[in-house]
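Right, one structure below, let's go through it.
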Amino acid sequence: MQFQQELTRLLAGKTKIIGKKVLWLEETDSTNLVCRRMAAEGEAEGLAVLARAQSAGRGRRGRNFQSTKDLGMYLSVLLRPTQDMEVLNNLTAWVAVAVCSGVERACGVRPQIKWINDIILNGKKLGGILTELGLEPGTGKIDHIVVGIGLNVNHKLDDFQPELRDMATSLSLDVENCPSLPELAAHIIQALDEMYESFPHNRPEYLEQYRAGCITTGKPVQLITPASREEAESLYIDEEFRLVVRMPDGSERTVNAGEVSVRGMYGYL
Ligand code: BTN
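At position 119 of the sequence shown (counting the first as 1) the number is 756 in the working numbering, and the numbers step up by one without a gap.
Given below as structure tokens:
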């Protein structure tokens, strides 16, 4: 309750859509699931749900997202955008830029982005984004989108599972002035609200910031699918926030989704 009061105070009058309503729960299964359930009951867009702990925090590709009480910021936002799928495909990349801006405003250090949406600090994973789509039954039209953001904040090294210790970091480990969870959440929610107001017309600015912050380009990478691992060299982020790579035979390939390992990171040597 204290967190919720503090966040409500920090956000008062500062956002137009995202964060007009906030819920900070003691514990839940997953803040993304809370948003999805509330969306099904007709909740308006802009709701931000946070939790001190998640018992079933979810990451991309069905992975678990470790969500120990008060160590991380676990935030989900409910959106009901009206644009077509083609335009909405870029939304997660815009969110990544907004998260970096929010962290920078909260603690003076700007993280980087590992394509598509890992948030990186000093070469290690600070957090990630899980975007989920809800379709209207029957029509198949987009009913809502839930954007879930998890950031490591108060972790000491021992708080990470042993297999993550070389790959993960937290704000308290890496920045001088680690913000409180409500301060951090307020800055991120404000940056998300600004982003949503600019979406999609202000693409040049977000594309430029995405490109400037993306650590994936210009490096040897591995393209990972369930069936294969292919070596490539990453070249640039195109106008649609896709990753363009050069394959060993010299051909160029545009990668839309999926997992890309960057050499030198997360144990890929
Ligand atoms: C990833 O890096 O794979 C994405 C992690 C996303 C985690 C956040 S925490 C808040 C929201 N609720 C969830 O269950 N997942 C997202």
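Using N, Cα and C, we set each Cβ at its ideal position, and we do this for glycine too.
{"Check": "Relative to the C-alpha of TYR711, which candidate in ILE654, LEU670, LEU880, LEU788 has its C-alpha closest?", "Outcome": "LEU788"}
{"Check": "Of the choices VAL858, ILE782, GLN827, ALA733, whose alpha-carbon is the least far from that of GLY679?", "Outcome": "ILE782"}
{"Check": "Counting C-beta neighbours from all protein chains within 10 Å, is the total for HIS838 16 or more, i.e. buried, or is it exposed?", "Outcome": "exposed"}
{"Check": "On a CA-only basis, which of SER713, ILE826, ARG698 is nearest LEU861? Give me that one, please.", "Outcome": "Residue identity check: residue 861 is Ile in the sequence provided, not Leu. When only C-alpha atoms are compared, the closest one is ARG698."}
{"Check": "Check the C-beta distance from LEU716 over to GLU682 and give it rounded, since I have them as a contact under 8 Å.", "Outcome": "5 Å"}
{"Check": "If you follow the beta strand (DSSP E) that MET710 is in, where does it begin and where does it stop?", "Outcome": "709-716"}
{"Check": "Indicate the three-state DSSP secondary structure (helix, strand or coil) for SER809 in the structure shown.", "Outcome": "helix"}
{"Check": "Label GLY745 either buried or exposed according to how many other C-beta atoms from any shown protein chain fall within 10 Å of its C-beta, with 16 as the threshold for buried.", "Outcome": "exposed"}
{"Check": "Assign CYS815 to one of three DSSP states: helix, strand, or coil.", "Outcome": "coil"}
{"Check": "Please classify THR665: is it buried, with 16 or more other beta-carbons within 10 angstroms of its beta-carbon, or exposed?", "Outcome": "buried"}
{"Check": "Whole angstroms are fine: how far does the CA of GLU896 sit from the CA of ALA869?", "Outcome": "13 Å"}
{"Check": "Since VAL757 contacts ALA733 with CB under 8 Å, what's their CB separation in whole angstroms?", "Outcome": "Per the sequence presented here, residue 757 reads as Ile, with Val not at that position. Their Cβ separation, rounded to whole angstroms, is 10 Å, which puts ILE757 and ALA733 out of contact at 8 Å."}
{"Check": "Cα separation between HIS824 and GLY739?", "Outcome": "5 Å"}
{"Check": "Contact check, CYS851 vs ILE750 under 8 Å by CB: the rounded distance?", "Outcome": "5 Å"}
{"Check": "Need the endpoints of the alpha helix (DSSP H) that VAL732 sits in, please.", "Outcome": "728-744"}
{"Check": "Does the region 819-833 touch the region 796-805, meaning 3 or more C-beta pairs lie closer than 8 Å?", "Outcome": "no"}
{"Check": "Leaving out five residues on either side along the sequence, give the residues of the same chain with a beta carbon under 7 Å from the beta carbon of GLU663.", "Outcome": "ARG689"}
{"Check": "Does the beta-carbon of SER888 have 16 or more other beta-carbons within 10 angstroms, so that it is buried, or is it exposed?", "Outcome": "exposed"}
{"Check": "With C-beta atoms as the reference, is LEU818 less than 8 Å away from ILE655?", "Outcome": "no"}
{"Check": "For LYS657, I'd like the list of residues in its chain whose CB is within less than 6 Å of its CB, leaving aside the five on either flank, ordered along the chain.", "Outcome": "GLY683"}
{"Check": "Taking all protein chains shown into account, do 16 or more other C-beta atoms lie within 10 angstroms of the C-beta of GLY777, making it buried, or fewer, making it exposed?", "Outcome": "exposed"}
{"Check": "To the nearest angstrom, report how far apart PRO841 and TRP752 are at their CA atoms.", "Outcome": "18 Å"}
{"Check": "Would you mind working out which of THR645, GLU741, GLY650, ALA676 sits nearest LEU770, comparing C-alpha positions?", "Outcome": "ALA676"}
{"Check": "Would the beta-carbon of ALA685 fall within 8 Å of that of ILE826?", "Outcome": "yes"}
{"Check": "Between which residues of its own chain and THR768 is the CB-CB distance below 6 Å, once the five residues before and five after are set aside?", "Outcome": "THR729, VAL784"}
{"Check": "Would you report the Cα separation of ASN701 and LEU687, rounded to the nearest angstrom?", "Outcome": "17 Å"}
{"Check": "DSSP puts ARG866 in a beta bridge; with which residues?", "Outcome": "ILE861"}
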